[in-house]
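*Asks:* Dumping the structure here so I can ask a few things about it.
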Amino acid sequence: MIRSVVKGSGSSLPKRVVTNEELAKTVDTSDQWIRERTGITQRYIAGEGETTSTLATAAAHAALADAGIDAKAIDLIVLATATPDRTFPATATLVQDALGCDGAAAFDVAAVCSGFLYALATADSMIKTGMAKCALVIGAETFSRILDWEDRATCVLFGDGAGAVVLSAEDVAEDGPGVLASRLHAAGEHGDLLYVDGGPSTTGTVGKVRMMGREVFRHAVVNLAEVLEEVLTATGYTAADIDWVVPHQANRRILDATARKLGLPIDKVIVTVDRHANTSAASVPLAFDEARRDGRLKQGDLVMLEAMGGGFTWGASLIRL
Numbered sequence: 004m005i006r007s008v009v010k011g012s013g014s015s016l017p018k019r020v021v022t023n024e025e026l027a028k029t030v031d032t033s034d035q036w037i038r039e040r041t042g043i044t045q046r047y048i049a050g051e052g053e054t055t056s057t058l059a060t061a062a063a064h065a066a067l068a069d070a071g072i073d074a075k076a077i078d079l080i081v082l083a084t085a086t087p088d089r090t091f092p093a094t095a096t097l098v099q100d101a102l103g104c105d106g107a108a109a110f111d112v113a114a115v116c117s118g119f120l121y122a123l124a125t126a127d128s129m130i131k132t133g134m135a136k137c138a139l140v141i142g143a144e145t146f147s148r149i150l151d152w153e154d155r156a157t158c159v160l161f162g163d164g165a166g167a168v169v170l171s172a173e174d175v176a177e178d179g180p181g182v183l184a185s186r187l188h189a190a191g192e193h194g195d196l197l198y199v200d201g202g203p204s205t206t207g208t209v210g211k212v213r214m215m216g217r218e219v220f221r222h223a224v225v226n227l228a229e230v231l232e233e234v235l236t237a238t239g240y241t242a243a244d245i246d247w248v249v250p251h252q253a254n255r256r257i258l259d260a261t262a263r264k265l266g267l268p269i270d271k272v273i274v275t276v277d278r279h280a281n282t283s284a285a286s287v288p289l290a291f292d293e294a295r296r297d298g299r300l301k302q303g304d305l306v307m308l309e310a311m312g313g314g315f316t317w318g319a320s321l322i323r324l
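Yeah, the sequence shown ends on 324 if you go by this note's numbering, and it's all consecutive.
Laid out in structure tokens, this is it:
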């Protein structure tokens, strides 16, 4: 059977690190307040010359190098972001040009923190139908540029970065590697719980992030547990079969609560929120790449990816490495 097999991964972070202590100098907060409520100790913030496309391009270069694949072999780029360089053209086309993937299809996906899961499922579907053979799937954000730095309920939570994976169409056995199943959902009726208060068609401005944190937390734990069970049911596996969970890095409390709801030990969960904060669509591929490079994720492992974000949107994918 033809599956989308992960051949490589890469990531990129801005140069500037902003600690909780540094934030507390300008925002009414403290290191203790942030740690206790989120588990975050620092985040990376994009500086001059660092944009969503430059971070995405750097992550893509690293993923291609890891895969040992030339950029010209890429025939599809799907880039998940809520913070594009421009309203249009798509940030994916800027990455395509920078990499030299001439003629490759390139487009953006907007599903906020779930964006990478949506992008992965889209690329996987295109590979399985023969529309693409080798794809770059990227999550990249410069969320710091849509934050209200006077709103401590949101500005302490987010950071910037990018992560990427290379998917290749391969004919594998049933127990072989690749994307095994994905499930995606949305609930637009909750759009006013996590949103940006601007846009080209409404205010003509970029806007800032607004969030009802307690309500988002409640929905996240329930929705993520349900979609993980959906994917397990679709593939015939159980939670005990999973080697690793790579979740969206929104909040340490959400990670802990989701693991408990599924009966998974927390030491099977990849956690980077303490250092990266919430990087929206970039958080899953950033965490995935870190865990691959430090040796935790190994060939043959069964890995669950999951995320929920504004919209609400949420989803999960099960991958055999």
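For each residue, glycine too, the CB sits at the ideal point set by N, CA and C.
1. Among Thr57, Arg213 and Val230, which residue has its Cα nearest to the Cα of Leu321?
2. Indicate whether the contact test is met: 3 or more Cβ pairs, each with one atom in the segment 150-167 and one in the segment 188-196, closer than 8 Å.
3. When you compare only the Cα positions, how much space is there between His279 and Asp163?
4. May I have the straight-line CA-CA distance separating Gly207 from Asp200, to the nearest angstrom?
5. Ordered along the chain, which non-local residues of its own chain (more than five positions away) have a Cβ less than 6 Å from that of Ala61?
6. Could you tell me whether any non-hydrogen atom of the ligand SAM is closer than 8 Å to the CB of Ala284?
7. Use the C-beta contact count for Phe2: other C-beta atoms within 10 angstroms, 16 or more gives buried, fewer gives exposed.
8. Grab me the residues of Ala93's own chain with a C-beta within less than 6 Å of its C-beta, minus the 5 sequence neighbours each way, in chain order.
9. In the DSSP assignment, find the beta strand (DSSP E) that holds Trp317 and state where it starts and stops.
10. Nearest-angstrom Cα distance between Lys211 and Gly179?
11. Let me make sure I understand the geometry here. Which of Gly71, Ala83 and Ala138 has the alpha-carbon closest to that of Cys104?
12. For Arg221, is the classification buried or exposed, using 16 other Cβ atoms within 10 angstroms of its Cβ as the cut-off for buried?
13. Measure from the alpha carbon of Thr2 to the alpha carbon of each residue in Gln35, Glu51, Gly52 and Gly50, then state which is nearest.
14. Within 10 Å of its beta-carbon, does Pro87 have 16 or more other beta-carbons around it, so buried, or fewer, so exposed?
15. Measure the Cβ-Cβ separation of Gly181 and Ser286 and say whether it is below 9 Å.
16. With DSSP as the reference, please indicate the residues paired to Ile141 in a beta bridge.
17. With H, G and I counted as helix, E and B as strand and the rest as coil, what does DSSP make of Lys28?
18. Just to confirm the assignment, what range does the beta strand (DSSP E) spanning Phe110 have?
19. If we ignore side chains and look at the alpha-carbon of each, how far apart do Val9 and Ala65 end up?
20. Just mark Asp127 as buried or exposed, buried being the case when its beta carbon has 16 or more other beta carbons within 10 Å.
21. According to the Cβ coordinates, are Ala189 and Gly314 closer than 9 Å?
22. What is the rounded straight-line gap between the Cα of Asn226 and the Cα of Tyr121?
23. Check the DSSP bridge columns for Ile48 and list the partner residues they point to.
24. Assign Phe91 to one of two classes, buried (16 or more other C-beta atoms within 10 Å of its C-beta) or exposed (fewer than that).
25. Go ahead and label Arg46 buried or exposed: buried means 16 or more other beta carbons lie within 10 angstroms of its beta carbon, across all protein chains shown.
26. Starting from Ser56, trace the alpha helix (DSSP H) in both directions and tell me its first and last residue.
27. Going by beta carbon distance, what residues of the same chain come within less than 6 Å of Arg295, once the five residues before and after it are set aside?
28. Quick check on this structure: which residue in Arg89, Met311, Ile130 and Glu25 has the alpha carbon closest to the alpha carbon of Asn254?
29. Return the residue from the list Pro203, Met214 and Val140 that minimises the CA-CA distance to Phe161.
30. Can you list, in chain order, the residues of its chain whose CB lies under 6 Å from that of Ile77, leaving out five sequence neighbours each side?
31. Between which residues of its own chain and Ala242 is the CB-CB distance below 7 Å, once the five residues before and five after are set aside?
32. Could you spell out the range, first to last residue, of the beta strand (DSSP E) harbouring Glu309?
33. Going by alpha carbons, who is nearest to Leu82 out of Val98, Val306, Val248 and Ala135?
*Replies:* In brief:
1. Val230
2. No, they do not touch.
3. 8 Å
4. 11 Å
5. The answer, listed in chain order, is Ser15.
6. As presented, the structure is devoid of all ligands, the ligand SAM included, so that no description of it is given.
7. Here the chain covers residues 4 to 324 and nothing more, so residue 2 does not appear.
8. Phe110 and Asp111
9. According to the DSSP assignment, Trp317 belongs to the beta strand (DSSP E) that extends over Thr316 to Arg323.
10. 44 Å
11. Ala138
12. exposed
13. In this structure the chain extends from 4 to 324, so residue 2 is not present and cannot be described.
14. So Pro87 ends up on the buried side.
15. Cβ distance not < 9 Å, so Gly181 and Ser286 don't count as in contact.
16. Leu82 and Ala167
17. If DSSP states are grouped into helix, strand and coil, Lys28 belongs with coil.
18. Ala108 to Val112
19. 14 Å
20. buried
21. yes
22. So the alpha carbons of these two residues sit roughly 15 Å apart.
23. Arg19
24. exposed
25. buried
26. Thr55 to Ala70
27. Ser12
28. Met311
29. Met214
30. Cys104, Ala107, Cys137 and Leu139
31. For Ala242, where only same-chain residues beyond five positions count, the Cβ hits under 7 Å are Leu235, Leu265, Gly266 and Leu267.
32. Leu305 to Gly312
33. Val98
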